[in-house]
Amino acid sequence: MGVMSVREFNANTSKAIARAEAGEVIEITRNGKPIVEMRAKRANRMDDPEFRKNWKAMVEGMKEGVPGLSGPASYEERTGR
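Under the numbering used here, residues 72 to 152 are what the sequence shown spells out, in order.
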């Protein structure tokens, strides 16, 4: 993690952005206290075909439920209370 003061960030904005794009997390400080953490934006995982396929499979599995488990699930449903 890199650390920059606000003054240094203002003077070197392009360099700070390039460092963040390269994967570095930059902490920007004012009077020695951290005020901002800058990092590159993550890609949207739903755009990844493999992630989307696995996500859909997980959702379908949740809809189907646990094999062998049927009937009332909660204490109130089982006891009628």
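Glycine included, C-beta positions come from ideal geometry on N, C-alpha and C. None of these values were measured; they are calculated from a predicted model.
DSSP places Glu95 outside both helix and strand once states are collapsed to three, so it counts as coil.
Across the structure, Arg123 and Met129 are spaced so that their CA atoms are roughly 10 Å apart. Inter-residue distance for Tyr146 and Asn115 is about 40 Å (C-alpha atoms, whole angstroms). Between the beta-carbon of Ala87 and that of Phe80 there is about 6 Å, and that keeps the pair under the 8 Å contact cut. Looking at the DSSP output, Ser76 sits in a beta bridge with Thr100. Residue range 120–135 is occupied by the alpha helix (DSSP H) that includes Gly132. For Arg149, the enclosing alpha helix (DSSP H) has its first and last residue at 146–150.
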